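Single-structure report; data block below.
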Amino acid sequence: MQPLQKEYLYFLTLCETNNISHAAERLAIGQGALSKSLKRLEQSLQTQLFIRKGRGLKPTSFAKLLEQQLLAMKQSWQQDFLGKSESLNELHGHFKIGAHSIIAMDLVREFYPKLCEKYSELNLEMVLDVSAGITKMVIDFEIDFGFSIQPIPHPDLVIQKVRKEYVSVWSKSSSPKEKVVYYSPDMFDVSKMLKKYKGHKHIAVQDYDVLASFASNSNGLTILPSPVARRHKGLVSCGPKLQEVDVCLIYRVDRPKTAGFRTVLGDIKKLIC
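Its first residue numbered 491, the sequence shown is counted upward by one per residue in my numbering.
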């Protein structure tokens with residue numbers, strides 16, 4: 491739930507990115523629609539909000555002031571709404587937990603069903619997205635807890651390392667014969683890893699479980715996170731770890747600590763941390 495109309499939400503994203511194409515990509519809308527929204531807001535306020543600077547945007551003094559006021563209002567509204575809608579002394583509430591599907595299948599499954607079945611008073615909702623999207627949703631008050639790979643430190647976040655995972659190359663045999671590398675284009679830092687295999691043909695596959703199933707039937711190499719490879723029996727690691735990453739539990743530092751929130755957080759930590 492958001493207290494701001496979409497033009498102001500789009501404006502805040504433009505302030506974060508200072509770039510129309512980057513903001514449009516983050517908001518999942520077209521650049522034309524975003525430009526029209528900005529124009530409507532400027533006409534409504536009767537002032538210019540951004541100055542074009544090369545390929546980017548530079549906020550005006552008015553825009554900077556507006557951004558500060560909107561962020562303060564958004565945070566105040568969220569805190570007031572959450573504080574009033576959830577009693578501090580009663581165990582109830584609706585909580586959203588976000589993670590990438592890989593983390594959900596490997597880590598969240600260890601506690602999520604237990605919490606759903608243990609507390610009839612609590613309603614839990616699972617949200618799936620890439621790690622960067624999960625981190626942004628926690629920051630923006632859209633979800634309560636997140637599990638993220640290598641989250642960038644943020645003053646509004648509590649970040650607690652849960653476990654380490656790694657990425658490696660896998661195949662059905664220890665000596666693959668074909669110079670082919672299968673990979674997911676969504677994988678964190680994958681372009682850097684692919685540089686190690688310049689002499690190989692690179693084939694992108696979007697879904698990790700499909701990717702792993704290809705690895706089980708391929709004579710080439712497949713770049714996979716260790717949790718995915720572990721789920722598919724018969725895959726063999728064919729080289730050193732390409733990357734080690736921290737899987738972290740994240741939540742807002744200023745999230746109202748209701749009885750429901752404390753219970754969910756406490757049980758998560760007991761079960762996986």
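Every residue gets a Cβ at the ideal spot worked out from N, C-alpha and C, and that includes glycine.
Values in this document were obtained by computation on a predicted structure and should not be read as measured data.
Can you list, in chain order, the residues of its chain with a C-beta nearer than 7 Å to that of residue i? Leave out the 5 residues immediately preceding and following it.
i, result
"M491", "In this predicted model, M491 has a pLDDT of only 46, less than 50, meaning its place in the structure is not dependable; the value taken from the coordinates is given anyway. Here the set comprises nothing."
"W660", "A705, T712, L714, A719, L725, V726, S727, C728"
Give me the residue from the options with the minimum Cα distance to residue i.
i, options, result
"I649", "F601, C763, Y656, E600", "C763"
"T537", "G522, A553, E611", "A553"
"Y741", "L647, P641, S534, G623", "L647"
"M683", "F704, S665, P715, S708", "P715"
"L517", "M677, K759, M627", "M627"
Output needed for residue i: all residues of its chain with C-beta closer than 6 Å, excluding positions within five of it in sequence on either side, in chain order.
i, result
"N508", "G546, L547"
"E557", "C505"
"P611", "A quick correction: the sequence has Glu, not Pro, at residue 611. Contacts found: L581, H582."
"L755", "none"
Excluding five sequence neighbours on each side, which residues of the same chain lie with their C-beta closer than 8 Å to the C-beta of residue i?
i, result
"K686", "L732"
"K654", "E734, V735, D736, V737"
"P730", "S658"
"F751", "E576, G583, F585, D634, R745"
"D679", "Q733"
"L618", "G588, A589, H590, S591, A594"
With burial defined as no fewer than 16 other Cβ atoms inside 10 Å of the residue's Cβ, what is the status of residue i: buried or exposed?
i, result
"S638", "buried"
"G583", "buried"
"I642", "exposed"
"V657", "buried"
"A562", "exposed"
"G544", "exposed"
"G636", "buried"
"Q533", "exposed"
"Q568", "buried"
Inspect the beta-carbon positions of residue i and residue j and report whether they are closer than 7 Å.
i, j, result
"V670", "G710", "yes"
"P782", "I624", "Residue 782 lies beyond the range of the chain shown here (491 to 763); nothing can be said about it."
"I541", "L524", "no"
Residue i CB to nearest chain D CB: under 7 Å?
i, result
"K548", "Reference to chain D is not applicable here, since this structure consists of a single protein chain."
> Which whole runs of the beta strand (DSSP E) in the stretch 576 to 621 are 3 residues long or more, in chain order?
Replying inline: Within the stretch 576 to 621, the complete beta strand (DSSP E) runs of at least 3 residues are 583 to 589, 612 to 618.
> Enumerated in chain order, which unbroken segments of the beta strand (DSSP E) with a length of 3 residues or greater are wholly contained in the stretch 624 to 702?
Replying inline: 635 to 639, 647 to 661, 670 to 673, 691 to 694
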